[in-house]
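Chemist: In our numbering, the protein residues as written are 83 to 486.
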């Protein structure tokens with residue numbers, strides 16, 4: 083009975099857009115983490131002895147597709163299936179139940195983030211991962227979903243009372259605790275996501291845009307001034323040197339060609355050389371030659387752009403825009419403030435991830451390591467994104483006044 087009602091009332095346009103993004107992602111993931119050595123081995127197994135680059139240049143699209151890295155595709159498919167199963171559970175539980183347990187969810191989130199500091203292991207300069215048997219997951223990804231739920235409950239009771247700076251101070255303190263735990267990992271990118279979600283939800287809750295703009299402008303000015311003073315006079319900042327390099331190198335990546343600027347330069351070369359329609363699937367010189375760093379995750383937008391060009395990138399961004407409008411449509415038609423804030427929180431998270439990830443690859447944003455939602459390879463990020471969309475579907479279905 084439950085699934086019949088879901089099938090009857092669910093937003094099929096949003097389902098279709100999500101399916102398109104996921105399918106698109108599987109294609110690019112399968113062609114992202116490859117190398118001439120790996121493809122040469124596959125060609126030898128197929129009995130093809132000719133030069134690898136010449137073969138890829140001459141071969142038709144269907145022959146090149148046969149060289150897709152199926153190992154990554156199969157693993158990502160497993161995460162997608164698991165994510166949809168968990169999404170079904172989220173849809174089944176009325177979001178009104180979450181509103182009654184926001185305090186407990188907030189405490190759970192703090193415990194989850196704090197556990198990383200004691201149980202987590204270090205990877206790529208940060209202690210962000212926890213092992214569960216043979217699996218590893220990134221708590222900060224799931225923390226975003228818990229954060230959206232708890233903040234929606236916190237702000238629901240304050241709608242209409244957010245006109246002054248002193249009214250916002252409790253909100254900043256509420257957000258500051260989990261954000262501090264994230265920074266301690268350290269995970270600067272996710273801490274910025276928390277702040278972006280907070281501002282989006284504060285705006286939706288009725289805080290004055292001029293006040294929010296003033297606070298945001300002051301915070302950016304203070305941050306930029308602190309970094310400048312650190313480089314000029316050696317003043318203290320709560321960031322490691324490598325984090326500061328990643329934050330500032332996008333301003334002039336060529337000043338450290340072989341160091342901090344290398345990744346961004348290779349990404350810009352991949353995108354800048356792609357043209358209008360791209361070089362073709364498995365014909366990207368930067369990605370195939372393994373010059374683009376972490377091509378299946380952090381810099382997957384560069385791989386997409388190199389292979390399919392401006393049109394391929396435009397298609398993905400158009401899908402994201404349509405998805406965003408569907409989520410905001412759910413927010414505008416939600417039956418209560420809590421449901422509206424949940425949807426706005428998810429929209430804010432997606433917008434920030436897309437803007438920062440795409441901006442990072444073309445050189446207009448700092449390198450923060452934020453993945454492209456529903457597109458980058460990775461289990462924790464994929465499942466968290468689908469759980470967040472499950473909250474949106476939950477709100478959308480409950481506005482229909484149907485009994486579950």
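Positions of the beta carbon are idealized from the N, C-alpha and C atoms, including for glycine.
1) Decide if the region 409-418 is in contact with the region 140-160; the criterion is three or more beta carbon pairs, one per stretch, under 8 Å apart.
2) Can you give me the Cβ contacts of residue 117 inside the same chain, cut-off strictly under 6 Å, excluding the 5 residues immediately before and after it?
3) Could you check the C-alpha separation between residue 237 and residue 291 for me, to the nearest Å?
4) Measure the C-alpha to C-alpha separation of residue 298 and residue 400 and round it to an integer number of angstroms.
5) Tell me the residue span of the alpha helix (DSSP H) that contains residue 182.
6) Tell me, to the nearest whole angstrom, how far the beta carbon of residue 467 is from that of residue 456; I am working on the premise that it is less than 8 Å.
7) Whole angstroms are fine: how far does the CA of residue 419 sit from the CA of residue 100?
8) How far does the alpha helix (DSSP H) with residue 118 in it extend, from its first residue to its last?
9) Among the candidates 362, 380 and 424, whose CA atom is the shortest distance from the CA of residue 142?
10) Beta-carbon within less than 7 Å of residue 344's beta-carbon, same chain only, minus the 5 sequence neighbours each way: which residues are those?
11) For residue 321, report the span of its alpha helix (DSSP H) as first-last.
12) What does the alpha-carbon distance come out to for the pair residue 243 and residue 289?
13) Within 10 angstroms of its Cβ, does residue 119 collect 16 or more other Cβ (buried), or is it exposed?
14) Between which two residues does the alpha helix (DSSP H) holding residue 243 run?
15) For the candidate residues 154, 281, 296 and 442, whose alpha-carbon lies nearest to that of residue 333?
16) DSSP three-state call for residue 218: helix, strand or coil?
17) What did DSSP end up calling residue 376 once you bin it into helix, strand or coil?
18) Would a C-beta distance cut-off of 7 Å place residue 388 and residue 115 closer than the cut-off?
19) So is residue 239 buried or exposed if we call it buried at 16+ other beta carbons inside 10 Å?
20) Measuring from the CB of residue 391, is there a heavy atom of the ligand FAD at a distance below 6 Å?
21) Out of 158, 170, 152 and 130, point me to the one whose CA is closest to residue 88's CA.
22) Taking Cβ positions, are residue 426 and residue 286 nearer each other than 7 Å?
23) Would you call the region 306-315 and the region 458-473 touching, i.e. three or more CB-CB distances under 8 Å?
24) Flag this pair as yes or no: are the beta carbons of residue 383 and residue 437 separated by less than 7 Å?
25) Here's the rule I'm using: 16 or more other beta-carbon atoms within 10 Å means buried, otherwise exposed. How should residue 200 be labelled?
Modeler: In terms of the structure at hand:
1) no
2) Locating residue 117 in the chain shown gives position 35, counting from the first residue. Correct list, in chain order: 372.
3) Locating residue 237 in the chain shown gives position 155, where the first residue counts as 1. Locating residue 291 in the chain shown gives position 209, where the first residue counts as 1. Straight-line Cα distance between these residues: approximately 16 Å.
4) Here residue 298 refers to the residue found at position 216 of the chain shown. Here residue 400 refers to the residue found at position 318 of the chain shown. Computed Cα separation, rounded: 28 Å.
5) Numbered from 1 along the chain shown, position 100 holds the residue referred to as residue 182. That residue, residue 182, is in no alpha helix (DSSP H); it is neither H nor E in DSSP.
6) Numbered from 1 along the chain shown, position 385 holds the residue referred to as residue 467. Numbered from 1 along the chain shown, position 374 holds the residue referred to as residue 456. Rounded, the Cβ-Cβ distance is 5 Å, consistent with contact.
7) For the purposes of this step, residue 100 is taken as residue 18 along the chain shown, with counting starting at 1. For the purposes of this step, residue 419 is taken as residue 337 along the chain shown, with counting starting at 1. Straight-line Cα distance between these residues: approximately 25 Å.
8) Counting from one through the chain shown, the residue named residue 118 turns up at place 36. Counting along the chain, the alpha helix (DSSP H) containing residue 118 begins and ends at 118-127.
9) The residue you call residue 142 lines up with position 60 of the chain shown. Among 362, 380 and 424, the Cα nearest to that of residue 142 is on 362.
10) Working through the chain shown from its first residue, we reach residue 344 at position 262. Correct list: empty, nothing qualifies.
11) Taking the first residue of the chain shown as 1, we reach residue 321 at position 239. From DSSP, residue 321 is part of no alpha helix (DSSP H); its letter is neither H nor E.
12) Translated into positions along the chain shown, residue 243 becomes position 161. Translated into positions along the chain shown, residue 289 becomes position 207. So the alpha carbons of these two residues sit roughly 8 Å apart.
13) Within the chain shown, the letter at position 37 stands for residue 119. Here residue 119 is exposed: its Cβ has fewer than 16 other Cβ atoms, across all protein chains shown, within 10 Å.
14) Residue mapping note: residue 243 aligns to position 161 of the chain shown, counting from 1. Taken as a continuous stretch (DSSP letters only), residue 243 belongs to no alpha helix (DSSP H), as it is neither H nor E.
15) Translated into the one-based positions of the chain shown, residue 333 becomes position 251. It is 442 whose Cα lies nearest to the Cα of residue 333.
16) Position 136 of the chain shown, counted from the first residue, corresponds to residue 218. It is a strand residue.
17) Within the chain shown, the letter at position 294 stands for residue 376. DSSP places residue 376 in coil when its eight states are reduced to three.
18) Taking the chain shown and counting its residues from 1, one reaches residue 388 at position 306. Taking the chain shown and counting its residues from 1, one reaches residue 115 at position 33. Not in contact: residue 388 and residue 115 (Cβ atoms no closer than 7 Å).
19) Position 157 of the chain shown, counting from 1, holds the residue named residue 239. Burial check for residue 239: the Cβ neighbour count within 10 Å stays below 16, so the residue is exposed.
20) The ligand FAD is absent from the structure shown, which contains no ligand whatsoever.
21) Position 6 of the chain shown, counting from 1, holds the residue named residue 88. For the residues 158, 170, 152 and 130, the minimum Cα distance to residue 88 belongs to 170.
22) The residue you call residue 426 lines up with position 344 of the chain shown. The residue you call residue 286 lines up with position 204 of the chain shown. For residue 426 and residue 286, yes; Cβs fall inside 7 Å.
23) The region 306-315 makes no contact with the region 458-473, as fewer than three CB pairs between them are under 8 Å.
24) By one-based count along the chain shown, residue 383 stands at place 301. By one-based count along the chain shown, residue 437 stands at place 355. No.
25) Along the chain shown, one-based indexing puts residue 200 at 118. Per the 10 Å Cβ criterion, exposed.
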